[in-house]
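*Asks:*
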Amino acid sequence: MGTKRDAKPPPPAAQQPLDYHALNAALRLFVSTFVVDDKRSQIHKRLLASERRLETLASLPRWITVGTAPLEGVDQSPAGLRARLGDLTGIRLTEGGASRTTIARALELDRGTSSVFIADSGRVAMITVVDGPPILCSRLGTSASGARGKR
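Counting in this note's numbering, the sequence shown runs from 2 upward without gaps.
#1: Alpha carbon to alpha carbon, how far is Pro71 from Arg54?
#2: Would you check if the distance between the CB atom of Thr103 and the CB atom of Asp88 is smaller than 8 Å?
#3: Within its chain, find whatever has a CB closer than 6 Å to the CB of Thr95; leave out the 5 residues flanking it on each side and keep chain order.
#4: Output the distance between the C-alpha atoms of Gly81 and Glu52, rounded to the nearest integer angstrom.
#5: May I ask you to list the residues that DSSP assigns as paired with Pro71?
#6: Select from Gln43, Arg124 and Leu108 the residue whose C-alpha is nearest the C-alpha of Glu73.
#7: What are the boundary residues of the alpha helix (DSSP H) that Gly81 is part of?
#8: Which same chain residues, not among the five before or five after Leu30, have their C-beta less than 8 Å away from its C-beta?
#9: Kindly indicate which residue of Lys46, Asp20, Ala27 and Tyr21 has the alpha-carbon position closest to the one of Thr90.
#10: Out of Val36, Thr69 and Ser60, state which residue places its alpha-carbon closest to the alpha-carbon of Leu141.
#11: How long is the line joining the alpha carbons of Ile65 and Val36, rounded to whole angstroms?
#12: Tell me which same chain residues have a C-beta within less than 7 Å of the C-beta of Val32, skipping the five on either side of it?
#13: Quick one: using the 10 Å Cβ neighbour count with 16 as the cut-off for buried, is Asp39 buried or exposed?
Structural data, given as structure tokens:
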């Protein structure tokens, strides 16, 4: 007898934990690229320390200054995001800590929670929120540079 094959891609590799220095560098890059000037230091410190991380992740969308766009249509799925951006790697930060992964895997794991994904290049980030679609932040000047939505 034949067996039914899944159409899903192979399971992703295990996430790689991140050390303090790598997280610090990624957050420095993120806040200098995407966060309003007068909140950069505060956001950086709160995301680096675990005590107020969840609260800071939840409020993060209001402090972003550059092009943001909610993920819509096929981009809301990990496969759609992978097709659009490829296997973009970076840092995934949640209340529980930080790890290295791809943007598609971060979307899969963090939908409906407060988190941020920071691409290694520093030019793309994704913020997931409890209520609402994930938000793509980009310095690429193309597809994700739509006007910032009202919050």
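Backbone N, C-alpha and C fix where the C-beta goes; we use that ideal spot for every residue, glycine too. As the structure is a prediction and not an experimental result, all values here were calculated from the model.
*Replies:* Let me spell this out:
#1: Within the sequence shown, the letter at position 70 stands for residue 71. Within the sequence shown, the letter at position 53 stands for residue 54. Cα to Cα, the separation comes out at about 22 Å.
#2: Here the question's residue 103 lines up with position 102 in the sequence shown. Here the question's residue 88 lines up with position 87 in the sequence shown. Cβ atoms of Thr103 and Asp88: closer than 8 Å.
#3: To locate residue 95, count along the sequence shown from 1; it is residue 94. The residues are Ser116.
#4: Along the sequence shown, read from residue 1 onward, the residue named residue 81 stands at position 80. Along the sequence shown, read from residue 1 onward, the residue named residue 52 stands at position 51. C-alpha separation (whole angstroms): 34 Å.
#5: Start at 1 with the first residue of the sequence shown, and residue 71 comes out as number 70. Per DSSP, Ile136.
#6: The residue you call residue 73 lines up with position 72 of the sequence shown. Ranking the options by Cα distance to Glu73, first place goes to Leu108.
#7: Position 80 of the sequence shown holds residue 81. Here the alpha helix (DSSP H) through Gly81 covers Pro79 to Leu86.
#8: As a first step, residue 30 must be located in the sequence shown, where it is residue number 29. If we look at Leu30 and ignore the five residues flanking it on each side, its Cβ neighbours are Ile119 and Gly123.
#9: One-based indexing of the sequence shown puts residue 90 at position 89. That would be Ala27, whose Cα lies nearest to the Cα of Thr90.
#10: The residue given as residue 141 occupies position 140 in the sequence shown. With distances taken between Cα atoms, Leu141 lies closest to Thr69.
#11: Within the sequence shown, numbered from 1, the residue matching residue 65 stands at position 64. Within the sequence shown, numbered from 1, the residue matching residue 36 stands at position 35. C-alpha separation (whole angstroms): 5 Å.
#12: Your numbering for residue 32 matches position 31 in the sequence shown. Arg41, Ile44 and His45, listed in sequence order.
#13: Mapped onto the sequence shown, residue 39 falls at position 38. Under this definition Asp39 is an exposed residue.
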